[in-house]
Structures are given as structure tokens and as C-alpha cells.
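Just below is one structure, and these are the notes that go with it.
In UniProt numbering, the protein residues as written are 1 to 160.
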């Protein structure tokens, strides 16, 4: 399935960024970056437009059939279960977004510290959506510190 339930809102409005900073525990990067991206998932919208996720090279009957099959599969879940599934998918998109931005010379700061219901209210998002992350995006002012990570041995176990 090619559901793509993630959605990105790119915010370059200083006033809105300031309002979002207030519901993001006053994190400075919300207003310091030239762009703030709010990543959220909307499974109900994805299902409403399921035909758009089917490859355009398929015939009309295949498009209809696959879209209906997708809707039937997800109809077995509650709205909350669908939202959780979509949020997990949006987290995968987040990882790829961060890597792509870095490869293009952008600096990012992904934030999970915010009040999701207040973010949804400020952005007029439906109640069923889930805010996955807020991402400050811009060109770095300075190099900063290199990241350090645990060793492979610390985080991975190999079993034969």
C-alpha cells in the first residue's frame, strides 16, 4: 500500500511561529529558524483520497479496486488505531526528511516537546490528526558540535 498519510505545513510567518513557540515550551529554535515545519498524519484524509495513492499507470478499474481494498482493510481499525498507524508512517517520513535536508546543506532540529492539541488548534487541523513533530529548518549559522552516538555493540545484539 502507498497510503502516504503524512502532511507537512511549512510556516514562514513570524507571528504564527511565535504562537507555536508558546505551545512548544518556549523552544528558541521555533522562532530562530526561517522555516518551521509541522509534520502531522491524517489517515482519514488519506483514505478519502485513496485513489490518488494508486499508481497512475493502472487502469480505472484497478484504481477503483485497490482504493476500495485499502478502505476495507483500514475499516477494520478504529479511528484511533488508524491514527496511530498513520503516525508511525509519518515518523518514517520524518527520518527521510531529516536525511534529505541534511544532504542539501540544511540544518534541522526535530522537536517532540509541544502541546499537540494546542498546535492543532492554532493550525485549524481536525481532531483526528496526530502531530508527529515540529522541525526547525534553515541554513546553519555555525558548525556546532559533531554528533556522537552509542557504539553498535551498545545498541545492537547479534544472534546466530
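Quick reminder that beta carbons are idealized off the backbone N, C-alpha and C, glycines included.
Is residue 36 helix, strand or coil by DSSP? strand
Whose C-beta lies closer than 6 Å to the C-beta of residue 80 among residues of the same chain, with five residues either side of it excluded? none
In three-state DSSP terms, what is residue 59? Of the three classes helix, strand and coil, the one that applies to residue 59 here is coil, per DSSP.
At a cut-off of 7 Å, is residue 27 close to the ligand GDP when judged by its beta-carbon and the heavy atoms of the ligand? For the ligand GDP, the structure offers nothing, since it holds no ligand at all.
Residue 42 versus residue 142: straight-line alpha-carbon distance, rounded: For residue 42 and residue 142, the gap between their C-alpha atoms comes out near 36 Å.
Rank 157, 138, 25 and 130 by C-alpha distance to the C-alpha of residue 11 and give the top, closest one. Residue 138 is the option with its Cα nearest to residue 11.
In chain order, which continuous runs of the alpha helix (DSSP H) of length 4 or greater are located wholly inside the UniProt domain "Nitroreductase" (1-139)? Within the UniProt domain "Nitroreductase" (1-139), the complete alpha helix (DSSP H) runs of at least 4 residues are 14-22, 29-32, 43-48, 60-75, 79-103 and 116-123.
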